[in-house]
Every structure is written in structure tokens, then in C-alpha cells.
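**Student:** Below you will find the structure I want to go over with you.
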Amino acid sequence: MPNRLANSQSPYLLQHANNPVDWFPWGPEALEKAKKENKPILVSIGYSACHWCHVMEHESFEDELTAELMNEHFVCIKIDREERPDLDNIYMDAVQAMGLQGGWPLNVFLMPNQKPFYGGTYFKNEQWTRLLANIADAFKKHEDQLAESAEGFGRSLSRSEIEKYGIKESEEDFSADDLSEVITKLSAQFDKEWGGMNRIPKFPMPAIWDFALDYAITSKRDELKEAVFFTLKKIGMGGIYDHLRGGFARYSVDGEWFAPHFEKMLYDNGQLLKLFAKAFQVSGDPFFLEKVNETVDWLEAEMLTSEGGFEAAQDADSEGVEGKFYTWRYSELEKLVGDEMPWLRKLYNLKIHGNWEDGVNILFQTSSYREVSEEFNMSEAELLEKLKAIKTTLLENRNQRIFPGKDDKILAGWNGLMSTGLIQAYIATGERRMLDLALNNLKFIQEKLMVDGVLFRSYKNGQAYTPGFLEDYAAVIEAALKAFEVSGKSDLLDFARTLTNFSLENFYDEKEGFFYFNNPKAEKLIANKKELFDNVIPASNSIMARNLHRLALFTYEKKYGEFAEAMLRKMKELILKEPGFLCNWASLLLETVVPTAEIGIVGKGAESLALELLEKQPSNIALAWSEKSTETAPILKGKTPDSTENALIYVCFDHACRRPVSRVDEALSQIPYLN
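The opening residue of the sequence shown carries number 44 in the numbering used here; numbering runs sequentially from there.
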């Protein structure tokens with residue numbers, strides 16, 4: 044018989060709807076039951092593409108005896124971390140404060156007042172049942188001691204980030220030396236052999252490489268550019284990349300980008316699409332273009348809904364086996380590609396008995412197309428033509444398999460990240476389909492996820508639910524500003540400004556000068572957290588600070604820039620100390636030290652000049668254009684075409700413009716570099 048999760052929209056919660064556990068979704072009913080019956084609360088948090096979440100469900104939550112123990116002694120609440128990242132942040136912090144390892148599934152035990160006293164991640168069934176029995180016994184006999192412990196963790200959770208990290212405003216001006224210190228510390232952590240950071244497991248961490256690339260462009264440091272390209276090549280050649288369909292998995296379990304956890308998340312792919320597009324703009328390397336085109340193909344084929352939204356994620360597992368959909372037995376490949384097997388074997392490191400576990404192969408490239416074509420006496424063009432045909436054959440065959448599960452809810456923030464990536468891809472390639480996907484997506488967000496002036500986080504089955512978090516506002520504002528640059532549509536600038544003003548009114552903490560992750564006015568939680576550190580997704584505060592910086596340039600409203608600068612001043616010391624987790628902040632530091640060019644283009648031909656300029660200068664400009672004189676955006680006010688109505692380009696700093704020019708190369712010569 045289904046439990047209370049049967050009425051949920053979340054695919055993750057629905058996966059647990061037929062468990063014998065009497066699961067509740069998070070909400071007043073469960074919280075009041077715990078108080079009324081004086082029972083501890085078990086909060087279990089995961090997401091639909093999480094491999095170990097599936098394992099624990101199968102071993103423990105589907106087991107009748109385990110469920111009986113859970114139902115008798117606890118009020119059990121299941122949470123989808125992607126729907127409620129605010130709760131995930133709170134309880135992940137709590138588990139780490141207990142000195143325990145964080146991860147998913149996240150299982151946390153709370154007192155009836157929601158304060159946590161113990162937790163952990165995945166437990167084998169035998170450990171889990173023992174833990175449940177011990178906690179039930181401890182609650183019965185020593186409730187006062189558990190309550191005391193929970194109070195301590197509650198106080199720890201309520202500590203302000205300012206206090207926790209010793210944040211104080213820097214009195215010193217931002218300087219080129221600060222940036223030099225950041226890049227020196229950062230590059231010392233680069234993996235020179237395999238690319239990425241010197242860590243295992245390996246996450247792509249797009250914010251790091253985005254900053255490093257922008258710094259390399261602005262400082263004209265070719266060796267740093269090459270280090271970024273090296274990393275992106277290794278990621279694009281690795282098993283973390285889906286060589287047949289396009290798109291990237293979340294991370295690799297090893298240090299060589301070889302064996303991924305096979306789930307594909309929209310947020311990773313949006314950021315990596317942007318990064319690979321920029322790499323193509325700067326290098327002209329067709330390898331990066333290949334990854335951009337294939338990833339957009341994947342997005343269109345497998346993640347796009349008829350309404351214009353993008354679904355959240357694809358599972359690692361199919362038929363209960365991780366990676367089964369993506370891996371190949373050597374004999375299967377041999378049958379499908381025949382005589383082409385020798386060079387394909389070399390290209391993808393294929394082994395007769397498998398290059399991974401259980402005798403299967405992950406497609407894993409370590410030699411370049413040129414090296415393989417030379418070894419097999421082909422031109423590179425010939426190899427690529429043959430490879431294209433083989434990829435089509437293998438993909439058609441793979442598509443006959445049982446597909447991995449899909450998390451088909453639509454999340455505002457992740458859609459914002461993907462739209463930004465698509466717009467960068469359009470700038471890099473000139474392919475209109477990429478811009479159309481992004482503009483349709485932003486239209487979808489405006490029409491379906493905005494309800495009575497509030498941005499909602501989630502959408503499924505025609506319904507928006509859960510008011511948005513700062514992550515959602517920040518990522519959608521970023522996409523809207525980027526879309527305004529390329530489309531010239533002033534309503535997108537208005538949309539970005541409206542969302543920003545709402546964020547300032549509802550999320551901003553005037554006392555500390557940062558934004559809360561959750562809207563404290565929307566729901567009372569045991570703690571209101573602020574997200575300051577950039578991770579696989581940049582911190583919502585750092586995205587917001589960069590948005591405010593750019594919005595000030597488009598609107599000429601100083602207040603936005605003042606908020607951004609004050610936030611950066613508070614973060615400066617931390618950026619210099621620990622740049623690996625503050626690279627999106629470092630990008631704002633770069634845009635502050637080397638002033639962001641305010642560029643207005645007005646007159647006939649403005650659009651093509653704008654796109655050429657954006658393509659040739661992929662960082663540190665805020666650009667607006669119009670084919671005729673207009674005041675729709677303050678950045679364009681007072682700017683006119685030449686005497687024949689043809690477009691002029693105005694490069695300005697702090698509202699003071701250089702001599703207007705008619706050619707992109709002339710405009711580029713007016714943009715400063717880092718000395």
C-alpha cells in the first residue's frame with residue numbers, strides 16, 4: 044500500500060512511495076506528529092540520480108522488518124535534496140559539525156523540535172537496524188542527554204557565517220597583486236599529468252577553470268590558457284564524457300577522468316557547455332566545438348520538454364546496475380564495427396576482457412585524433428568521418444537498451460545555468476538553435492515558474508511548487524542578463540532587475556551584508572544559512588554579487604555596484620587564503636581590478652557587431668545594442684549612430700566613453716588588460 048509520498052511530484056520521493064516505511068514528506072503534519080507523540084524524527088535526504096540512495100532503499104527501506112523498526116520508534120521524513128537544498132544545507136552542516144562524513148543518502152536523527160543529535164550517510168542494513176535500535180533505546184532512557192547534545196548542535200548551526208569564518212571587511216584596495224596571489228596558489232594545485240585539480244575523486248569544478256581562463260585572457264598569459272585547455276581536453280576525452288550522445292557525468296571516481304559515477308546533472312552540463320564554448324572561442328580548437336555540439340544534441344534529444352524546460356538529471360543506474368547503459372563488451376563492439384575495430388580499440392582504450400569491472404569497457408580516449416589517424420595511416424578528416432558513422436551506429440544500438448531513470452522535474456536555478464551555457468555556445472558557434480533553446484527556456488521560466496511575482500524552484504505536471512531559493516534567483520538573473528546582451532530584448536533586463544530587487548528585499552541580510560540561501564520570510568527553519576563557498580555550483584552569493592556588478596553597468600544604478608563591492612570586500616581575505624573554493628568570487632575580483640567595459644552599440648548593423656565583439660572578447664564586458672537610438676537600457680542612453688545611421692561602438696568606463704568607433708578591432712583596442 045502506498046505511503047504519503049504517493050502524492051509528491053518529486054521522482055525521488057515517488058521512488059519511495061511503495062516502501063513499507065511510513066514516510067512523510069517534509070511539512071507541518073510530520074513535524075506536529077513528532078511533537079505530539081514525543082518521537083525522534085528521522086530525516087533521510089537523497090536525490091533520484093544517487094546510486095547509494097538506491098542501494099540503501101533496496102537493502103533497508105524496502106525491508107519489512109527494518110520498516111517496522113523505523114515506523115514504531117520514529118517519525119520518518121523523506122526529502123529530495125534538489126527540491127529542498129535549504130534543508131539539505133542545514134542537516135549536512137549538522138552532520139559535519141558532529142565530525143561525521145557528509146554525503147548522500149544523508150540520514151539525520153532529530154529531536155521533536157527539529158534539532159539534530161546524530162547522523163550519517165549510507166549504512167548497510169545490519170548497521171542501520173542496530174543504529175535504529177540503539178537510538179530508540181537512548182531516546183527512551185536518556186532523552187534529556189540527547190536534547191542537551193541537540194541544543195549544542197543547534198547553537199552551532201545558528202552561528203553566523205561571519206563569525207564562523209572570521210569574515211571582516213578589507214580596508215585595502217583590490218589590486219593586481221591579489222589576483223597574482225590567487226592564481227599562484229590555484230595553479231600549484233593543478234594536476235599536471237591528468238588535468239583538473241590534484242584530488243581524487245575528480246570533479247570538473249567549472250568555476251575554477253572559468254576564472255583561470257578569464258585571468259589568462261586578461262593577463263595575456265598563454266601558458267595558463269594552455270593549462271585550462273589541457274584540463275578541458277582531458278575531461279572531454281575521459282570516460283566522464285559520453286562520447287556517443289554528448290554530455291558529462293558528475294565526477295570520476297579516479298584521478299584520470301576514467302570511471303565516472305554515470306549520472307548526468309543539468310547543472311554540470313550547463314556550466315561545462317559555457318566553459319567549452321569559451322575555450323573554442325579563444326582557441327578555435329575543433330575538439331571543443333565537437334563537445335559543445337554533442338552536448339547540445341544530448342540536451343535537445345533527452346532533456347528538453349515540449350514546454351521549453353530542461354529536466355533535472357539522468358540516473359547512473361539502469362536495470363539496477365551502475366553504468367550498464369553506457370558500457371560495452373568488446374564482442375558487442377566488434378560485431379557492430381567490424382574491420383574498424385583496430386583503430387577504435389586504440390582510440391578508446393578498449394580491452395578484450397574489459398577495461399573496467401565485470402568485463403565491460405568504458406569509452407576512454409587518451410590519444411588525440413591526430414595521433415590515432417597517423418598510427419593507422421589515415422588523415423584526421425578521414426578518421427573523424429569514420430568515427431561519426433560509428434558513433435551513429437553505436438548510439439542507435441545503445442538506444443535499444445533500457446534507459447537509465449530520469450529525474451523529470453524542472454528546477455529554475457539549473458535551467459538558468461543551462462540557459463547561460465547555451466547563450467555562450469551561441470556566441471561561440473553562431474548556431475541560432477542554441478539561442479532559441481535559451482530564449483524559449485527563459486520564456487518558460489517567466490510564464491510557468493513565476494507565480495504572483497515569486498520565482499518558484501520546481502515545476503512538474505503543469506504545476507510550479509516550492510518558492511525559489513537564492514540559487515534559483517541568482518542563476519536565472521545571470522541567464523536573463525546574458526540573454527539581454529545577445530538578443531537586445533529590454534524585457535529581459537527588466538526581468539533580471541525585478542528578480543534582483545525581490546532578492547534584495549527578501550533574502551538580503553543587512554546586518555552581515557550577504558544573502559540568505561532561503562527566504563527567511565517564506566518558512567521558519569531552525570537555521571537560516573548563507574552559501575559563501577563555490578563548489579560544483581558556484582555559491583549563490585558569489586553569483587548574486589557578479590549579477591549586481593553587471594546590473595549596475597547596464598542600469599547605471601550605483602546601488603547595485605555598491606552591494607557587490609561590499610560583498611567582495613568582506614570575502615577578499617578568504618579568496619586570497621583558499622582560492623580553490625572561491626573562484627567565482629575571484630572572477631568578480633578580476634572584473635573589479637580590471638574595470639569591466641560598458642559597451643553600447645547603436646545603429647544599423649549593431650547586432651552583428653555585438654555578436655562579433657562578444658565572440659572575440661569572451662570576458663569582462665557588459666554589452667547592450669540596438670539597431671536604432673533608444674533609452675530602453677540606461678547603458679544605451681545618449682548613444683547615437685553615425686551620420687549615415689550605421690552603428691557606432693561606444694566603449695565606456697564608469698559612464699565615461701572613449702571615442703566611438705565603427706569596427707570591432709578598434710573597440711577591442713580600447714579594452715584594458717591586466718599589466
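We treat Cβ as the ideally placed atom computed from N, Cα and C, and that holds for glycine.
(1) How would you label E574, buried or exposed, when you count the other beta carbons within 10 angstroms and need 16 or more for buried?
(2) Can you tell me which of D253, S223 and N571 puts its alpha carbon nearest to the alpha carbon of V579?
(3) Where does the unbroken alpha helix (DSSP H) through C93 begin, and where does it stop?
(4) With a threshold of 8 Å on Cβ separation, who are the neighbours of A609 within its own chain once the five nearest residues in sequence on each side are excluded?
(5) Would a C-beta distance cut-off of 8 Å place H97 and D360 closer than the cut-off?
(6) Grab the span of the alpha helix (DSSP H) containing S745 for me, first residue to last.
(7) Using only CA atoms, which one of E214, N81 and L524 lies nearest to D187?
(8) When the Cα of N404 is compared with those of M248, L387 and T639, which residue comes out closest?
(9) Opposite A699 in the DSSP bridges: which residues?
(10) For P303, which residues does DSSP report across the bridge?
(11) Output the residue ranges of the alpha helix (DSSP H) runs that lie fully inside the segment 591-627 and measure 4 residues or longer, sorted by chain position.
(12) Could you tell me the alpha carbon to alpha carbon distance between A699 and N458, rounded to whole angstroms?
(13) Would M461 and L275 be called neighbours here (beta carbons separated by less than 8 Å)?
(14) Is L625 near M614, with beta carbons less than 8 Å apart?
(15) Is I122 helix, strand or coil when you go by DSSP?
(16) Between the Cα of L631 and those of L611, E418 and I642, spot the shortest distance and give me the residue it belongs to.
(17) CB-CB under 7 Å to W371, same chain, minus the five flanking residues each way: which ones, in chain order?
(18) Hey, could you find the ends of the alpha helix (DSSP H) F331 is sitting in?
(19) Per DSSP, which one or two residues make a beta bridge with K671?
(20) Mind checking who K33 pairs with in its DSSP beta bridge?
(21) Note down the Cα distance separating K263 from R589, rounded to an integer number of angstroms.
(22) Exposed or buried, Q170, counting other C-beta atoms within 10 Å across all chains shown (16 or more means buried)?
(23) Name, in chain order, the residues that DSSP records as bridge partners for G163.
(24) Kindly list the residues whose CB is nearer than 6 Å to the CB of G351, restricted to its own chain and excluding five residues on each side of it in sequence; keep chain order.
(25) Among E343, M135 and D221, whose alpha-carbon lies nearest the alpha-carbon of F152?
(26) Any idea what DSSP makes of A110, helix, strand or coil?
(27) Would the beta-carbon of Q144 fall within 8 Å of that of E100?
(28) Take G366 and list the residues in its own chain whose beta-carbon comes closer than 7 Å to its own, dropping the five residues that flank it on each side.
**Tutor:** Let's see:
(1) buried
(2) D253
(3) Looking at the DSSP string, C93 is not in any alpha helix (DSSP H), and its letter there is neither H nor E.
(4) E212 and G556
(5) yes
(6) Only positions 44 to 718 of the chain appear in the structure, and residue 745 is not among them; the question remains open.
(7) N81
(8) L387
(9) F696
(10) S295
(11) 601-620
(12) 36 Å
(13) no
(14) yes
(15) strand
(16) L611
(17) V403 and N404
(18) P329 to W341
(19) According to DSSP, which records beta bridges pairwise, K671 is partnered with nothing at all.
(20) Since the first residue of the chain shown is 44 and the last is 718, residue 33 is not available in this structure.
(21) 23 Å
(22) exposed
(23) N150
(24) N483, N484 and F487
(25) M135
(26) helix
(27) no
(28) F305 and A359
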